[in-house]
Structure formats: structure tokens, C-alpha cells
Amino acid sequence: MPAYKLKYFNLRARAEVSRLLFAAAGVDYEDVRYESEQWQTEKASGNYPFGQMPVLEVDGETIAQSNSIARYLALEFGMAGGSNLEKAKADMVVDAIGDVTNALKEMWFQKDEAKKTEIRDKCLKETIPTYFSALEKLLISNNGGDGFFVGDKITWADLAFLAHSDYHADQMKAAGTLEAFPKLKALRERLLEQPNIKKWVETRPKTDI
Ligand SMILES: N[C@@H](CCC(=O)N[C@@H](CS)C(=O)NCC(=O)O)C(=O)O
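Each residue of the sequence shown is one higher than the one before, counting from 25 in this note's numbering.
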């Protein structure tokens, strides 16, 4: 097994899918978390391909871009999907979740409180229900929705969904968002019951996002 070092801020955000992959696969890695000040020094080092984090070091080689990192780990750990078609289906779920995250991000970075509320309402009334209905249908289309998004075992699509669904409880102050989507809600609970994932979620550093 290579020596893995995952570098990010002390946040779940863009690194958590990769951390969940390490946890689910039971693979050791160094979970490096920089404070903002340390990051400025790191950034100036020129060792970050896009001057941003997360990055993953694999035996000293650096990969940037959160989804590229997570996809690589999923491939390495056999959690990317079986056939190329399954891999594409897992990617599709991850990309759809990325669309929702982008919509939510607009809200987080909005300074004007009235606009923030407007975006939040749109997310809760339109974006999330639209995407979550589609995701629930996709889940149901695979073994009736009582397993995982793709194939018959956990892929990074499930973990991306798990990481994302935390944002709802924490950031949208809308813990009930999943109530309208019983299969997605049950998937979240099923994932949280997996011993490796459960252990990571219970012991990981507690952060706002
Ligand atoms: N597309 C990149 C975006 C990375 C990104 O925006 N990173 C932010 C933190 S979430 C960052 O490093 N900000 C500090 C900086 O730009 O100096 C990815 O998905 O990894």
C-alpha cells in the first residue's frame, strides 16, 4: 500500500468523501489539517498544482482536485463501480451531488442576508427536491433502492451522498430534508451503520462544515 497523505483545512467540505473512502476501505493515511496561517506558507511553497487544497500525496506524488482524488481512491479501493457503465453511473451521482453543492455554496458565500434567504429558499423548495427526487429514483432503479446507488456494494457515489447530506443538517438547518425521500434517508442510515464508517463519523474532528 502506498503512503497516503491527504492535506486540507480542518473541515469536512471538499475532503470528506476521500476521508470516508479511507475509512470505509480501512486504509491508513495521514490526515493533515492546516490552519489558515499555515496554509499561506504552504501555498507559497509552490507544491500545490492549483494553489488550493485538498491535495493527496501518494508516495510523494501530488494529486489535486477533490473529485479526482476521490475517484482515484475509489478506483484503488474497488469502490468506483464494477464495469465502465457502473463507474459512469457512480460518476453521474457524484456530479449531480456537485450541482447541489454548488447551489448551496452560492448561499454560504452570500453576504447580503436578504439574498441569502432567497437562495436558501430556492435551494430548499426547488434545487434539493428536484435533485433528491432524481437521486431517489436512481437509487430505486438499482435493486429497489434497498442497497446502494450502483451495483451491490458501497461506491464513492454513496459516500459522496453521505458527506453531502451532512450539509443539510448543519448548513441548511434543515435536518428534515431527507424525510420526503425515504429510500435516501434509509441509505444514509445504512451507511452510518457500517462499522468502519460509524467509527470514523464518531471519532472524526468535529467541524462546522
Ligand atoms: N476544484 C477544486 C477547488 C478547491 C478549492 O476551492 N479549495 C479551497 C478550499 S475548499 C482552497 O484551497 N482555498 C484556499 C486558497 O485558494 O488559497 C477542488 O474541488 O478541489
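Every residue gets a Cβ at the ideal spot worked out from N, C-alpha and C, and that includes glycine.
Secondary structure at D232, three-state DSSP: helix, strand or coil?
-> Coil, per DSSP.
Can you tell me the Cα-Cα spacing of W63 and N166, whole angstroms?
-> Between W63 and N166, the C-alpha separation is close to 42 angstroms.
Do G186 and L44 have their C-beta atoms within less than 8 angstroms of each other?
-> Here residue 186 turns out to be Leu, not Gly, going by the sequence shown. Result yes, Cβ atoms of L186 and L44 sit closer than 8 angstroms.
If you count every other CB in all the chains shown that lies within 10 Å of the CB of A112, and 16 or more means buried, which is it?
-> exposed
Heavy atom of ligand 1 less than 7 angstroms from the Cβ of M77, yes or no?
-> yes
Would you call the CB atoms of V124 and F173 closer than 8 angstroms?
-> no
Does the Cβ of Q89 lie closer than 7 angstroms to at least one heavy atom of ligand 1?
-> Answer for Q89: yes, Cβ within range of ligand 1.
For K29: DSSP bridge partner residues | E54, E81
Would you kindly work out how many angstroms separate the C-alpha atoms of I178 and M103, rounded to a whole number?
-> 6 angstroms
Sequence ranges, alpha helix (DSSP H) only - wholly within the region 69-156, length at least 4 | 90-100, 108-132, 137-146
K149 versus A127, D136, E100, residue with shortest Cα-Cα distance | A127
Assuming R38 contacts P73 under a Cβ cut-off of 8 angstroms, what Cβ separation, rounded to an integer in Å, is found between them?
-> Not confirmed; about 15 angstroms, so no contact.
Looking at the unbroken alpha helix (DSSP H) that takes in E203, where does it start and where does it end?
-> Per DSSP, E203 belongs to no alpha helix (DSSP H) and is neither H nor E.
Report yes if the C-beta of K67 is less than 7 angstroms from at least one heavy atom of ligand 1; otherwise report no.
-> yes
Say whether the region 213-221 touches the region 47-56, bearing in mind that this needs 3 or more beta-carbon pairs closer than 8 angstroms, one atom from each stretch.
-> yes
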